[in-house]
Amino acid sequence: MLAVVSWTQAQQPTASTPQKSMSNSLGLHTFPAKNQTAAQQEKDESACYSWAKQDSGFDPVAELSKQQSSTTALPSTPQTPQTRGAGVKGAAGGAATGAVVGAIAGDAGKGAAAGAAAGTIAGRARARRAQRQAQEHAKQQQQQQAQAKAQTQEKLDSFKKGFGACMEGKGYVVK
C-alpha cells in the first residue's frame, strides 16, 4: 500500500509550470538518451546554441527581436494616392487653362469647355497611373518580404541542423 501511495504522489503534476527548453523553443524535441539531468541538458543546450550560432552565423533570438521591432516600425498596409475626384480636379484645371487659351483665340467659353474635357481625361489618366504605380510598389514590397522570409527560414534551418548535431554529439536524441 505504501508503494501505491508513493507512486500516485510521483505521478501528480507539480505546482510549478515546467520551463520550456531551448530545444522546444526551436521546435525540436530532445530526449536525454544518457539520462542527463535537466540542469545538464540546460547547460548542453546553451553550449550548443552558442556553437550553432557561431557555426551558422545566425542567431534566432536576435532575428526574432529584429523582426518584431521592424514590424512595429513599418505600416502594415501601403499608402495609396487618392484617385477619387481626379477627373473633376483635372476638369477644373483644364477649364481654367482652356479659358485663357480661348480668350486669346477669341472664344473663352469654347476654350474652357475643350480644356475641361481634356483636363478630365488627363486627370483620370494621372490617377490611374498613380494607382498602378502604388499597386506595383506594394507588389514589390510583398515580393521582397517573401524573399527575406525565405532567406531567414533557410538560415534558421541551418541553425537547427547545427544545434541538433551538437546535441546529438552530447548524447541526446533530437527530432
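Numbering (my numbering), first residue to last: 434 to 608.
All C-beta atoms in this analysis are idealised placements derived from N, C-alpha and C, irrespective of residue type, glycine included.
Small disclaimer: the values here were computed from a predicted structure and weren't measured.
Query	Result
Pairwise C-alpha distance: S591 and Q578	20 angstroms
Alpha carbon of A583 to alpha carbon of R562, nearest angstrom	32 angstroms
Option in L461, S456 and D488 with minimal Cα separation from K476	S456
Cα-Cα separation between A485 and S498, rounded to whole angstroms	18 angstroms
Reduced DSSP secondary structure (H/G/I, E/B, other) of T382	Because the chain is modelled from 434 through 608, residue 382 falls outside the range shown and cannot be assessed.
Simplified DSSP assignment, three categories, for T470	coil
Beta-carbon contacts of E496 that lie in its chain and below 7 angstroms, excluding the five residues immediately before and after	T585
Extent of the continuous beta strand (DSSP E) to which F464 belongs	T463 to P465
Reference G490, options Q473, E569 and K594, closest by Cα	K594
Residue interval of the alpha helix (DSSP H) (run including S458)	M455 to S458
Residues near S439 in its chain [Cβ-Cβ closer than 7 angstroms; skip 5 each side]	Caution is warranted here: a pLDDT of 43 is assigned to S439, below 50, making its placement in the model unreliable, and no coordinate value can be reported.
Whether K608 touches L459 by CB criterion (8 angstroms)	no
Reduced DSSP category for V437 - H, G, I as helix; E, B as strand; rest coil	Low confidence applies here, because V437 scores a pLDDT of 41, under 50, leaving its location unreliable; read the following figure in that light. Note: V437 maps to helix in three-state DSSP.
Bridge partners - V606, DSSP secondary structure assignment	F464
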